[in-house]
């Protein structure tokens, strides 16, 4: 049964599994662990661990019967599929120097995977590589994946990273198992059905080292009983750091698997005494109950998070607001973002108070132009600001989309704004205004600030702003940071072409690891004080990977923006200063054609360009160090925004 109910959470992390030993009575294994233990699935060996192909003597008919854990008929197809993860024999070593062991290992791996496929299992747990080399193991797994159905293969790895500060003669042999994972997945070409299952031990690496795993295809966290502490009642509990890790696991739709023998015998005995069915009480039930307690005490998902659930790690092409007219549904989504318009109203209120002193409030009328008025939310916010401050407004609502203009006319009539609001059906870049504006208001910002051509649009509209006029927003800056984003990379790779690797995507990033703090890229200020200033830009960025992170893989870059609407009123999605409860913008993702591995403490040198042509604007990007990548999207050959 699920760990509990958490409002809005329908992810797989609600289900907890248990690792079992080999037992050829699978019906009993399932009944005991699911019905007596209340676990949701078992991770069970599929074959007798004593089996070695080289020791089997075929009978006269050559029918060597493989020692699987029972026939496929002992469970129903749905039970095999929904409640069993196959555990591949832990003794296999496909990179052994011992030829017999290597051949036995390869044969057994293929036999067990074939049996798991026959049973329609959704996943199999592969044992960790035995040594530093895993080339032959990866080769065999890759071959299996090439011919596989949809079964996932989880590579088991211990969550261990040597601490550089405590390296001594005894710890030199320790490896960072992320390096093992990286070698394995590179040999398997980032195959989308290859994932990770991490063994959580009693000691944990640094938070930065842990964080990089959330950008990898992490499917399961195997929680060992010996990493639990004992509370005052003699029951199992976890340290604060382990609790924090488990919360992160839940938030990233990763499943918990309990492994090991009960080391809290008092808790198990008390549970048995209370159950009345001593012989049937599962010895690991206290551990499951504690994990369930951690799940149930999490806060419900906020309304905004629930709204965004369906968009998590889903690639979307950015809008082309100049080339295309937005649809009603798109307007509807943006208009529901109350926080954005609260900020705009605050900015307009402050501008009106600065523009009109109290003694002139009854006689002076401010000309305010909303350029890109859409269906009117900024018009409404501006008029509410005027009412709030007691200032008089004359509003021009300029909109190029004829369909939105229909809605604007209906809104003005409905609200009785006919004497205050003038609707202009025109592209702001080509409209000849009858008078100049005191305040110019726009919402032309994209996820990367300037990626929906706000600079070009406002340059065209600036000619009807008074010399001392105010632009809202007054400036905006884009930001970048390198990320591990295995799922996003695989989704782009699935298209098997260059174009998709040279396209920027709007995406609600969730299963990503942010490898370094954001850095500012391009800044635009309005009104522009020089007619000769170009909107082309180039920026070199140097990101330093923290020493305690360990090595990591850069799949691309996450982009954000922060805008100053007016004075101290800001709006943005840059993580450290993001406006709360706002969902109009997700981050933007710039992929790399070939992911780049970075070492701890190393510097990642990145170049970004904003290029302008007569009919389009586009970005180009590349990595220059520690290794060079091609320049992506040269001449805007794959991705551009049309003027």
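Residue numbers (our numbering): 803 to 1445. Beta carbons are placed, not taken as given, at the ideal position from N, Cα and C, and that holds for glycine.
Between 983, 926 and 944, which lies nearest to residue 932 when the distance is taken from Cα to Cα?
983
As assigned by DSSP and simplified to three states, the class of residue 1042
helix
On the DSSP letters alone, give me the boundaries of the alpha helix (DSSP H) that residue 942 sits inside.
Segment 937-948, the alpha helix (DSSP H) holding residue 942.
Could you give the uninterrupted runs of the alpha helix (DSSP H) lying entirely in the region 1370-1418, keeping only those of 4 residues or more?
none
Per DSSP, which one or two residues make a beta bridge with residue 831?
Beta-bridge pairing links residue 831 to no other residue.
Under a three-way DSSP split, which group does residue 1291 fall into?
helix
Going by alpha carbons, who is nearest to residue 878 out of 920, 900 and 890?
920
My output table needs one value for residue 853: the three-state DSSP class, helix, strand or coil.
Residue 853: coil per DSSP, three-state reduction.
Best match in 1249, 817 and 1316 for proximity to residue 1308 [C-alpha to C-alpha]
The candidate whose alpha carbon is nearest that of residue 1308 is 1249.
Can you have a look at residue 1245 and say buried or exposed, based on whether 16 or more other CB atoms are within 10 angstroms of its CB?
buried
Taking the alpha-carbon of residue 1127 as reference, which of 1204, 1164 and 1083 has the nearest alpha-carbon?
1204
Start and end residues, beta strand (DSSP E) containing residue 1361
1354-1368
Min CB distance residue 897 to chain C below 8 Å:
The displayed structure is made up of one protein chain only, and chain C is not part of it.
Please determine, among 946, 936 and 922, the residue with the shortest C-alpha to C-alpha distance to residue 912.
946
Sequence-distant residues of the same chain with beta carbon closer than 7 Å to residue 987, five excluded per side
996
Cutoff 6 Å; reference residue 1425; Cβ partners in own chain excluding five residues on either side:
Cβ within range, chain order: 1398, 1408 and 1431.
Minimum C-alpha distance to residue 1347 - residue among 1138, 1405 and 1370
Closest in C-alpha terms to residue 1347, from the list 1138, 1405 and 1370, comes 1405.
If I follow the unbroken alpha helix (DSSP H) through residue 1141, where does it start and stop?
First-last of the alpha helix (DSSP H) with residue 1141: 1140-1157.
Fully enclosed by the region 1186-1238, which beta strand (DSSP E) runs are 3 residues long or longer?
1194-1201 and 1223-1227
Limits of the unbroken alpha helix (DSSP H) element including residue 1272
For residue 1272, there is no enclosing alpha helix (DSSP H); the residue is part of the beta strand (DSSP E) that begins and ends at 1267-1274.
Going by beta-carbon coordinates alone, are residue 1400 and residue 1354 separated by less than 8 Å?
Yes; because the gap between Cβ atoms is below 8 Å, this pair is in contact.
Which whole-angstrom value describes the C-beta separation of residue 1266 and residue 1341, a residue pair presumed to lie in contact below a C-beta threshold of 8 Å?
So it is not a contact: roughly 31 Å between Cβ atoms.
Would you please state the rounded distance, in angstroms, between the beta carbons of residue 1197 and residue 1227? I believe it to be under 8 Å.
Actually they do not touch by this definition, with Cβ atoms about 15 Å apart.
Check whether the region 1374-1381 touches the region 1024-1040, taking contact to mean three or more Cβ pairs, one atom from each stretch, closer than 8 Å.
no
Could you say if the region 1154-1168 and the region 1128-1144 meet the contact criterion of at least three C-beta pairs nearer than 8 Å?
In short, these stretches do not touch, since the Cβ pair count stays below three.
Among the residues of its own chain, which have a CB less than 6 Å from the CB of residue 967, if the five just before and after it don't count?
Caution is warranted here: a pLDDT of 47 is assigned to residue 967, below 50, making its placement in the model unreliable, and the coordinate value is therefore given only provisionally. Counting only Cβ-Cβ distances below 6 Å, and skipping sequence neighbours, we find nothing.
Distance, residue 1277 Cα to residue 1332 Cα:
15 Å
Cα-Cα separation, residue 780 to residue 1358:
Outside the shown range of the chain, which is 803 to 1445, sits residue 780, and nothing can be said about it.
In this structure, how does DSSP classify residue 1258 when only helix, strand and coil are distinguished?
helix
Roughly how many angstroms separate the alpha carbons of residue 1175 and residue 1120, rounded to a whole number?
Put simply, the backbone Cα of residue 1175 is about 20 Å away from that of residue 1120.
Beta-carbon proximity of residue 923 to residue 882, cut-off 8 Å
yes
Using the DSSP secondary-structure output, state which residues sit across from residue 958 in a beta bridge.
999
Reference residue 1319, options 1311, 1339 and 1344, closest by Cα:
1344
Proximity of residue 1315 and residue 1017 at Cβ, strictly below 8 Å:
yes
Following the continuous alpha helix (DSSP H) through residue 907, name the residue where it begins and the one where it ends.
901-920
Nearest-angstrom Cα separation, counted from residue 1030 out to residue 1060:
11 Å
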